[in-house]
Amino acid sequence: MKTLSVQFKVNGEEVQAEMPTHITLLQALRELGYTEVKNGCEKGDCGSCTVLLDGLPVNSCLVLAVQATGREVTTVRGIGSLDNLHPLQKNFIEHGAIQCGFCTPGMLLSAKALLDENPSPTRKEIREQISGNLCRCTGYVKIVDAIMETTSEGSKAGKRRPRARKC
Amino acid sequence: MPFDKTTATLLGKSIPQPDSLEKAVGETLFSDDIRLPGMLWGLALRSPFANARIRRLDVSKAKALPGVRAVLTARDIPGVNRRGNMPGNRDDQPVLVEDRTRAVGDPIALVAADSSETAKEAISAITVDYEQLAPVEDPLVSLEPDAPLVDEEGNVIGDLGYTRGDTEKGFSMASAIVEETYRTQFAEHAYLEPEAGVAWTDPGDVLHIRCGTQWVENFRHIARILGVSHNHVRIESPLVGGGFGGKIFMTIEPLLALLAKATGRPVRMALTREESILSSTKRHPYILRYKMGADADGRLTALLADLVGDVGAYSDASPVIAWYSIGFLGGHYRCKNVQVHSRFVLTNNPSGTAMRGVGSAQITFALEGTMDSLAEKLGMDPFEFRKRNHLSKGESLSTGQPLKNAVFFSETWEAADKALDRALLRNSEEIPKLSPKVLRARGHASNMTGYGRRHGHLSQAQVSVQFDGSAVVSVGVADIGSGQRLGCQQVAAEVLGLPMDKVTLSTSDSQLNPIAGMTAGSRTFLNAAGPVQRAAEPIAKALKEAAASLLEARIDDIILADGKAFVKGSPSVNVPHAQLVPAAAAAGTSLTQLGTLKIEEDLYPGEETAHNAGWLDYTFGGMAVEVAVDPQTGQVMLLGLGISHDVGTAVNPQIVVGQCEGGVVQGMGLALTEDCCVKRGKAEAHDFSTYLIPTSLDIPSIEVAILESGEGEGPFGARGIGEPPHNITPAAIASAVSRAIGVRVTSLPITPEMVLTALRTGEWPH
Chain A
6 MKTLSVQFKV NGEEVQAEMP THITLLQALR ELGYTEVKNG CEKGDCGSCT VLLDGLPVNS
66 CLVLAVQATG REVTTVRGIG SLDNLHPLQK NFIEHGAIQC GFCTPGMLLS AKALLDENPS
126 PTRKEIREQI SGNLCRCTGY VKIVDAIMET TSEGSKAGKR RPRARKC
Chain B
145 MPFDKTTATL LGKSIPQPDS LEKAVGETLF SDDIRLPGML WGLALRSPFA NARIRRLDVS
205 KAKALPGVRA VLTARDIPGV NRRGNMPGNR DDQPVLVEDR TRAVGDPIAL VAADSSETAK
265 EAISAITVDY EQLAPVEDPL VSLEPDAPLV DEEGNVIGDL GYTRGDTEKG FSMASAIVEE
325 TYRTQFAEHA YLEPEAGVAW TDPGDVLHIR CGTQWVENFR HIARILGVSH NHVRIESPLV
385 GGGFGGKIFM TIEPLLALLA KATGRPVRMA LTREESILSS TKRHPYILRY KMGADADGRL
445 TALLADLVGD VGAYSDASPV IAWYSIGFLG GHYRCKNVQV HSRFVLTNNP SGTAMRGVGS
505 AQITFALEGT MDSLAEKLGM DPFEFRKRNH LSKGESLSTG QPLKNAVFFS ETWEAADKAL
565 DRALLRNSEE IPKLSPKVLR ARGHASNMTG YGRRHGHLSQ AQVSVQFDGS AVVSVGVADI
625 GSGQRLGCQQ VAAEVLGLPM DKVTLSTSDS QLNPIAGMTA GSRTFLNAAG PVQRAAEPIA
685 KALKEAAASL LEARIDDIIL ADGKAFVKGS PSVNVPHAQL VPAAAAAGTS LTQLGTLKIE
745 EDLYPGEETA HNAGWLDYTF GGMAVEVAVD PQTGQVMLLG LGISHDVGTA VNPQIVVGQC
805 EGGVVQGMGL ALTEDCCVKR GKAEAHDFST YLIPTSLDIP SIEVAILESG EGEGPFGARG
865 IGEPPHNITP AAIASAVSRA IGVRVTSLPI TPEMVLTALR TGEWPH
């Protein structure tokens, strides 16, 4: 099996490994212990394996590990931690945007990429941005709510979506 | 002592799930995320054919490959080569095929190897000589007397029915009669997490299986397959990346077990998405014929329902789903003359199993469609027509089961309709400018979903309080993301008067936790949090007794809240739990209590149908949806959707709304886009580019209206809500599309091709 030495950064840490040339970035990351990158289809259909490559979201199952050489990979662990949550993570939790949680890492990274580019997107733009990230549990509503809450407009009155309504 | 809602501190609070924090930061170890030293890769060789005889199976080359640690066939199974799955089924499914495959994806041989590459190589080195036989593809063909036998015992799994009154007489009294046949498709659960797991044997010879499941009690089936006693198999389910019914009856657990046992090493398996869809169970396609008649006043005079369900290749959960279906076929409408018949038939298609609502989505679609057609024929408004016929509290279903709790029929219908108005208004900027040519219409549906299935289920949970006042809940139920653990935690915290973070959870371990049954049938809040409540209550009572003595008050006046006890009205004078627990222990109270919930076997003595087809209670709801149909493309766009269910008590409103939104969107997939397209027994749509689940761009504006009658069988009067929002959705969407195009939609999914054909011919194509 032909191998190559690959070297890239994951969440700021240098990673170096000898890998078969055909290994995808998804496979490489999971082998290296970054199991927060989820494998849902390996065909670019579901978005569960989304990571940021130099800040831009990619399906890591569609990128070869060698293509990441010299680049920066960000997984969900790179944007926040248990005691230092990213605002998106905090809002996902508070809005009930996480059910089974399997799509969550990829969903958060797609959302982060959008907000990095455009701090005040509309709901429509948010829906477009995450349309490559499938979720089977939530129906997306609370995910969009959570991202909306994180936008620069989010906390302004009137933009916030009403919480659960009891009649 | 009945629970006093007025002094509750956590009831009705939208507390986030306890596991969402670790999920948000990527710390959760799902089924495929655990790595053990010396772990091998497991792979299965699966049949590409739905019906084939195996003339010869040769694994010698695979066995000889370096790095291959085991190659197993049916002959290597130490115990019984049957999966078992659901008690009471035919026990007809082998773990590994013996001499004949009955379905695409049937496992024939297993390999464990040092690496995934070697395992793949070994699988390709196995040679199988198949004699292909014609698969039975159509359940109606399978019913014919000269049909080839899918199973030696015959093709019909359940032939059930009941009659009330005289339908012939009932139809003769009718001034309008409608007869329609509805068909539904094979639907995939499409949990985002494919089946995966690890198994290993510990030094005490206990086999551990760490694999996401909805039912840790499967250890019994595994023990039978391995030929070991039950105590030698332990299932520890991690948090599950979605289930929806597809992970109840064992996925890869038996395969993992066999390989780990044969090699004496830890073994890991993980299915690809294709392998997952090709080999997993599905929602049963139903062929439903409804004939209903009503008199000139719009009162039902007769209801006749005939169902043929496609079981697929193995009986799996079909015998019980056949009973559930019988229970739902008669509907929640009042009719003296009812005849219900159902047959579940084997074919060589993928096996049908439980999927969110166990048959009720298909039945609600057909029942509500027929009700709409009958209203139309009578010239009545569909709501007015239903109002004259829906059952009320105290009346009985046609199965004979009395409805003992509130039936919010009109309330949920009207609340859903108003919710739709809000949805349309709120999202007006998101509704694209519609061409004047689009066909726009509003549709509705009403539904009844059972929760708290009987089966003599004994569910148990244990609650322990620690000396510092904190508590541990132990309950053998799996969390599939919809708040199962949260429900148990919130109930324990409420009853014990503790903050949420002072209650920790131990769940989904078949040896450590008391068994509380499967995460299915909208039952978990009742059947898992219910026993938790029962376990916590005697502890709370002992703490109150200790507080009453310390505070020199009557026990009835003591409130437990936020880790303290105080006399009602005087929270400033209080005693912390840390002081009460040692006092209660000194007084002789056991600090660990077992709570038991037993749903009585014979709720309806003498009524066989009600007994087998009935649920402890039902959840009722309504839905309103507005669609725009493009007459040029046949595309259906959902403009807005309102949903309302009476959940008894909304213990955690955010969870209720989450179940509603998620259920609606899954139901939307069933209504519009999802179809496995099974041909020659094979799911032609076996990835997410062909099996189309809704994306964030497909969803309408959804508004949820929660109603609370206070009448439910779960803790604090809650009713099940996991499934109801899902099973009503296809019915409501079909109702709206039917109105928009002027043709009754009688099959799912409602594809643009079907809509265009209907518009062209004036009939819904089948």
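Same order as they appear, the protein sequences are chains A and B.
Once you know that position 111 of the first sequence is 116 in the numbering used here, the rest is easy, because the numbers rise by one and skip nothing.
Once you know that position 149 of the second sequence is 293 in the numbering used here, the rest is easy, because the numbers rise by one and skip nothing.
The C-beta atom is built at its ideal place from N, Cα and C for all residues, glycine as well.
Does residue i pass the burial test, meaning 16 or more other C-beta atoms within 10 Å, or should it be called exposed?
i                      : result
residue 23 of chain A  : exposed
residue 699 of chain B : exposed
residue 776 of chain B : exposed
residue 436 of chain B : buried
residue 12 of chain A  : exposed
residue 89 of chain A  : exposed
residue 333 of chain B : buried
residue 352 of chain B : buried
residue 613 of chain B : buried
Examine the ligand GDP and report whether any of its heavy atoms sits within less than 7 Å of the Cβ of residue i.
i                      : result
residue 718 of chain B : Absence of the ligand GDP from the depicted structure is noted, as is the absence of any ligand whatsoever, leaving it without description.
How big is the Cα-Cα spacing for residue i and residue j?
i                      : j                      : result
residue 560 of chain B : residue 517 of chain B : 21 Å
residue 339 of chain B : residue 32 of chain A  : 17 Å
residue 881 of chain B : residue 872 of chain B : 15 Å
residue 530 of chain B : residue 477 of chain B : 8 Å
residue 304 of chain B : residue 487 of chain B : 6 Å
residue 250 of chain B : residue 280 of chain B : 16 Å
residue 99 of chain A  : residue 161 of chain B : 9 Å
residue 594 of chain B : residue 389 of chain B : 15 Å
residue 675 of chain B : residue 383 of chain B : 21 Å
residue 902 of chain B : residue 766 of chain B : 27 Å
residue 225 of chain B : residue 370 of chain B : 9 Å
residue 608 of chain B : residue 633 of chain B : 12 Å
residue 550 of chain B : residue 862 of chain B : 12 Å
residue 286 of chain B : residue 491 of chain B : 6 Å
Give the secondary structure of residue i by DSSP, where H, G and I count as helix, E and B as strand, and everything else as coil.
i                      : result
residue 906 of chain B : coil
residue 388 of chain B : coil
residue 164 of chain A : The pLDDT assigned to residue 164 of chain A is 44, lower than 50, so where the model puts this residue is not dependable; a value taken from the coordinates is nonetheless given after this. Reduced to three states, the DSSP call for residue 164 of chain A is coil.
residue 165 of chain B : helix
residue 820 of chain B : coil
residue 420 of chain B : helix
residue 169 of chain A : Caution applies to residue 169 of chain A, whose pLDDT of 46 falls short of 50 and renders its modelled position unreliable; the value that the coordinates give is listed next. Residue state, collapsed to three classes: coil.
residue 37 of chain A  : coil
residue 718 of chain B : strand
residue 548 of chain B : coil
residue 588 of chain B : strand
residue 605 of chain B : strand
residue 895 of chain B : coil
residue 96 of chain A  : helix
For residue i, go through chain C and note every residue whose CB falls closer than 7 Å to its CB, in chain order.
i                     : result
residue 99 of chain A : The displayed structure is made up of protein chains A and B, and chain C is not among them.
inquiry  = Residues of the segment 500 to 533 of chain B in Cβ contact with chain A at a cutoff of 7 Å, in chain order, please.
reply    = none
request  = Could you list the residues in the segment 261 to 277 of chain B with a C-beta less than 7 Å from some C-beta on chain A, going in chain order?
outcome  = none
inquiry  = Using a Cβ-Cβ cutoff of 9 Å, what residues of the segment 10 to 21 of chain A are near chain B? List them in chain order.
reply    = none
ask   = Going along the segment 27 to 60 of chain A in order, which residues come within less than 9 Å of chain B, judged by CB to CB distance?
value = 35, 38, 39, 40, 41, 42, 43, 44, 45, 46, 47, 48, 49, 50, 51 and 53
ask   = Quick one: any contact between the segment 799 to 807 of chain B and the segment 855 to 875 of chain B, if contact means 3 or more CB pairs under 8 Å?
value = yes
Stretch-stretch touch, CB-based, cutoff 8 Å, three pairs: the segment 497 to 517 of chain B with the segment 420 to 429 of chain B = A contact is defined here as three or more CB-CB pairs under 8 Å, and the segment 497 to 517 of chain B meets this definition with respect to the segment 420 to 429 of chain B.
inquiry  = Could you check whether the segment 250 to 269 of chain B touches the segment 198 to 211 of chain B, counting it as contact only if at least three pairs of C-beta atoms, one from each stretch, sit closer than 8 Å?
reply    = yes
Where the segment 71 to 87 of chain A meets chain B: residues whose CB sits under 8 Å from a CB there = 80, 81, 82, 85, 86 and 87
Three-pair Cβ contact test at 8 Å for the segment 140 to 150 of chain A versus the segment 77 to 91 of chain A = no
inquiry  = For the structure I just gave you, are there three or more beta carbon pairs, one from the segment 212 to 219 of chain B and one from the segment 163 to 179 of chain B, closer than 8 Å?
reply    = Put simply, the segment 212 to 219 of chain B does not touch the segment 163 to 179 of chain B. Fewer than three CB pairs are less than 8 Å apart.
ask   = Counting Cβ pairs, one atom from each stretch, are 3 or more of them under 8 Å apart for the segment 357 to 371 of chain B and the segment 451 to 468 of chain B?
value = no
key: the segment 611 to 625 of chain B: positions lying closer than 9 Å to chain A by Cβ   = 623, 624 and 625
Proximal residues, the segment 132 to 158 of chain A versus chain B, C-beta separation under 9 Å = Within the segment 132 to 158 of chain A, the qualifying residues are 132, 133, 134, 135, 136, 137, 138, 139, 140, 141, 142, 143, 144, 145, 146, 147, 148 and 149.
request  = Would you list, in chain order, the members of the segment 99 to 124 of chain A that have their beta-carbon closer than 9 Å to a beta-carbon of chain B?
outcome  = Here the close residues are 99, 100, 101, 102, 103, 104, 105, 106, 107, 108, 109, 110 and 113.
query = Is the segment 697 to 714 of chain B in contact with the segment 726 to 743 of chain B, if contact means three or more CB pairs nearer than 8 Å?
reply = no
inquiry  = Under 8 Å, CB to CB, which of the residues in the segment 533 to 554 of chain B have a partner in chain A?
reply    = Those residues of the segment 533 to 554 of chain B placed with their C-beta closer than 8 Å to a C-beta in chain A do not exist.
ask   = Does the segment 834 to 850 of chain B come within contact of the segment 560 to 575 of chain B, defined as at least 3 CB pairs closer than 8 Å?
value = yes
query = Got a sec: which bits of the segment 324 to 340 of chain B sit with their beta carbon under 9 Å from any beta carbon on chain A, in order along the chain?
reply = 333, 334, 335, 336, 337, 338 and 340
request  = Taking only beta carbons into account, state which residues of the segment 154 to 178 of chain B come closer than 9 Å to chain A, listed in chain order.
outcome  = 156, 158, 160, 161, 163, 164, 165, 166, 167, 168, 169, 170, 171, 172, 173, 174, 176, 177 and 178
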